[in-house]
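Just so you know, we're using my numbering here: the sequence shown kicks off at 1207 and counts up by one.
The beta carbon of each residue, even a glycine, is placed where N, CA and C say it ideally should be.
Nothing here was measured: the structure is a model prediction, and the numbers come from that model.
Here is the structure we will look at.
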Amino acid sequence: MMTLRDQIGFSLIAITRQRFRTIMQLVAMAIGVLAVVLLTGLGEGGRQYVLTEFSSLGKDTILLLPGRKETSGGMPPLSGEGTRDITLDDATSLLRLRNVERIAPLVVGNTSISAGNRSRESLIIGTNAAFFAVRKLEVRQGKILADIPLNQTQPDCVIGAQLKHELFGPRIAIGQWLKLSQYRCRVIGILADTGTGLGINMSDALIIPVANAMQLFNTEGLFRVMIDVRSVQAIPALISNIEQQMTMLHDGQLDVTVTTPDSLLAAFDNILLVLTLAIAGIGGISLIVAGVLIMNMTVISVSQRSAEIGLLKALGASSHEVKILFITEASMLSVFGAALGLVTAEACLWLARQQFPDVPFHAPWWASVTAVGVAAGTGLLFAWLPARRAAAQAPVLALQKRGGK
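Written out as structure tokens, the structure reads:
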């Protein structure tokens, strides 16, 4: 009777003896696990990045967007396109609603900025003083925009730290003038480094009063309106009041979308989770292909090792023990290949995190466990039939078959 130690030792000898077959099976299984873990890690990293971006708004913020999604349960229009613009008068009227703490209208665009002989293309954000409180932005030098009426222009601007470095280098930026197309603005503040939020790197942004931005980009419509709420409990009623207000101002037509970060988070979470699972499923197909390769290799191994099978049976090995030998061999190859694929995938995800430090590329635990489990399962499943074939061979016939060759 063969012990577990004997079975493992015998399988290791067989694995190391057939190097080409072993390498092929290891590579096939490693690629399968690598595909599942790596693709899932990339998808999950993107999902967590998007959710983190929107969660930075907080739970006491409402977003007013131009355009309306008529289909229930769908995503709001994120492009900012609508049948009618949201104007500064519309935004100002929201301050009269109960439970509205502050509003921050947004006009967003890109233009060339120059300071002396230095220039670069940069993101321009037109807004007001409340934007800094809503987005929890702080200045490391100078001050924020003045609290002036939304329709009033003022040649002041606040710039991000990276933008300051690229335009002024080590020189003092506060009080200096920048040229934006045909407009000029004076730097009154430099933002503290707050990283990226909602896909906008504030370190590279320039913030000016909303009325200035509307003149700069020749527009009468707002990109967004961020509404800070006094009480989270008041949000459902306030959303209804905002919709009524906008319907009245837009001639009885509700052509805006009022939503919350939680709604956007839920919608994005569902979509990105489905995409992550789909990507994992596509990668899982390669595990099945690897299992088929293991079955083919095991069938070939059985036919090539007939004399070995006959000798084992002649020495007293039972059919069950012969079957276990081939299954153990396939299982070891599957586990070793899965471990190789898992290590390679984690190394690739680590490299991705070094290249894109803002995105948390990490494979979820369930993806790694499932990939290794499926790899071991396919190895066992696809090796079972060839192993039964080997166990069913009669010792004398197996030896004769080998001898006849």
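Q) Do the region 1326–1345 and the region 1450–1462 meet, that is, are 3 or more Cβ pairs less than 8 Å apart? A) no
Q. Taking the continuous beta strand (DSSP E) assigned at Val1565, which residues delimit it?
A. Val1565 -> no beta strand (DSSP E), and no H or E assigned at all.
Q: Taking the CB atoms as reference points, tell me whether Leu1245 and Ala1486 lie closer together than 8 Å.
A: yes
Q: May I ask you to report which of helix, strand or coil DSSP gives Ile1354?
A: coil
Q: Starting from the C-beta of Ser1325, find all residues in its chain whose C-beta is less than 7 Å away, skip the five residues before and the five after it, and write them out in chain order.
A: Ser1318 and Ile1319
(Q) Comparing C-alpha positions only, which one of Leu1248, Val1498, Leu1218 and Asp1399 sits nearest to Arg1341? (A) Asp1399
Q) Can we say the region 1539–1556 touches the region 1230–1241, given the rule of at least three CB pairs closer than 8 Å? A) yes
Q | Any 3 or more C-beta pairs closer than 8 Å across the region 1371–1385 and the region 1419–1434 | A | no
Q: If I'm right that Gly1585 touches Ser1537 with Cβ under 8 Å, what's the distance once you round it to whole angstroms?
A: 5 Å
Q) Helix or strand or just coil, what does DSSP make of Thr1425? A) coil
Q: Using the DSSP secondary-structure output, state which residues sit across from Tyr1255 in a beta bridge.
A: Looking at the DSSP assignment, Tyr1255 forms no beta bridge with any residue, so it has no partner.
Q. Can you list the beta strand (DSSP E) stretches of 3 or more residues lying completely in the region 1367–1401, in chain order?
A. 1383–1386 and 1389–1397
(Q) Going by the DSSP bridge assignment, what does Asn1305 pair with across the sheet? (A) Note: Asn1305 sits in no beta bridge, so no partner.
Q: Just mark Ala1297 as buried or exposed, buried being the case when its beta carbon has 16 or more other beta carbons within 10 Å.
A: buried
Q) Any idea what DSSP makes of Gln1224, helix, strand or coil? A) coil
Q: My understanding is that Ile1433 touches Thr1267, with C-beta atoms under 8 Å, so please give their C-beta distance in whole angstroms.
A: 7 Å
Q. Between which two residues does the beta strand (DSSP E) carrying Pro1272 extend?
A. Thr1267 to Pro1272
**Q.** CB contact flag (Val1364, Ile1309, <8 Å)
**A.** no
Q. What span of residues does the beta strand (DSSP E) with Pro1415 cover, start to end?
A. Ala1411 to Pro1415
Q. Of the residues Gly1375, Ile1354, Arg1346 and Ile1445, which one's Cα is nearest the Cα of Leu1303?
A. Ile1445
Q) With 16 as the cutoff for other CB atoms within 10 Å, does Lys1349 come out buried or exposed? A) exposed
Q.
Rounded to the nearest angstrom, what separates Arg1377 and Phe1429 at their Cα positions?
A. 34 Å
**Q.** Cα-Cα separation between Ile1292 and Val1438, rounded to whole angstroms
**A.** 24 Å
Q | Buried or exposed by the 16-neighbour rule on C-beta atoms within 10 Å, applied to Gly1375 | A | exposed
**Q.** beta strand (DSSP E) segment containing Leu1329, residue limits
**A.** Arg1324 to Thr1333
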